[in-house]
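In what follows, a structure is listed as structure tokens, so that the remarks can point back to it.
In the working numbering, the protein residues as written are 198 to 375.
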């Protein structure tokens with residue numbers, strides 16, 4: 198029995214394809230693809246979710262002091278003149294952050310090896326850079342997806358057969374998070 202499906206691609210193409218589909222699955226919750234690809238994506242996605250479930254509570258809350266630029270009512274930075282130069286005014290603020298313990302940090306870095314970065318674009322600003330924001334999929338895995346599956350021992354995805362594709366007759370399936 199083979200360890201994985203080659204999907205008629207070179208190793209680099211196959212890796213890129215699977216990374217893209219795993220990223221889309223975790224970002225959107227479901228994808229439509231062929232059965233062979235879905236079975237490969239399922240292996241990777243379930244491994245990432247299991248890792249997130251295992252490490253979801255492995256952090257400590259730490260209070261840190263940070264310098265934040267003071268802003269006026271329009272949201273622009275306040276500037277002062279010091280020695281003939283305009284300098285931004287900073288306020289010192291205390292923030293509480295989550296500091297990963299070593300095993301969670303390792304899990305985070307392993308997830309980042311697989312997942313691509315995702316940029317979310319609002320529908321009204323389609324095709325423009327303005328108002329786009331970077332989605333942190335690893336944080337989403339730890340904060341949203343892992344707590345949902347905390348009491349579940351595997352089986353985080355479901356494959357539902359849709360039917361044959363019109364062009365080449367390949368069996369299409371819906372791969373979704375349970």
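Just so it is clear, CB atoms sit at the ideal spot from N, CA and C, and this is done for glycine as well.
Practice prompt. Compute the Euclidean distance between the alpha carbons of residue 339 and residue 312, then round it to the nearest angstrom.
Written response: 14 Å
Worksheet entry | Inter-residue spacing [alpha-carbon to alpha-carbon] between residue 265 and residue 245 | Cα to Cα, the separation comes out at about 35 Å.
Worksheet item: Can you round the beta-carbon distance between residue 235 and residue 202 to whole angstroms, since I take them to be within the 8 Å contact cut?
Response: The beta carbons of residue 235 and residue 202 sit about 10 Å from each other, so the pair does not count as a contact at 8 Å.
Worksheet item: So, is residue 285 buried or exposed, given that buried needs 16 or more other C-beta atoms within 10 angstroms?
Response: Residue 285 should be labelled exposed.
Practice prompt. Tell whether a beta-carbon distance below 8 Å holds between residue 359 and residue 372.
Written response: Between residue 359 and residue 372, the CB-CB gap reaches or exceeds 8 Å.
Worksheet item: CB-CB under 8 Å to residue 226, same chain, minus the five flanking residues each way: which ones, in chain order?
Response: 373, 374
Fill in: In DSSP terms, what residue 284 is bridged to
277
Worksheet item: Is residue 266 helix, strand or coil by DSSP?
Response: Three-state result, residue 266: strand.
Discussion item. Using 8 Å as the threshold, is the C-beta distance between residue 220 and residue 370 below it?
Written reply: no
Worksheet item: Quick one, which of 268, 278, 257 has its alpha-carbon nearest residue 293's?
Response: Of the candidates 268, 278, 257, the one whose C-alpha sits nearest the C-alpha of residue 293 is 257.
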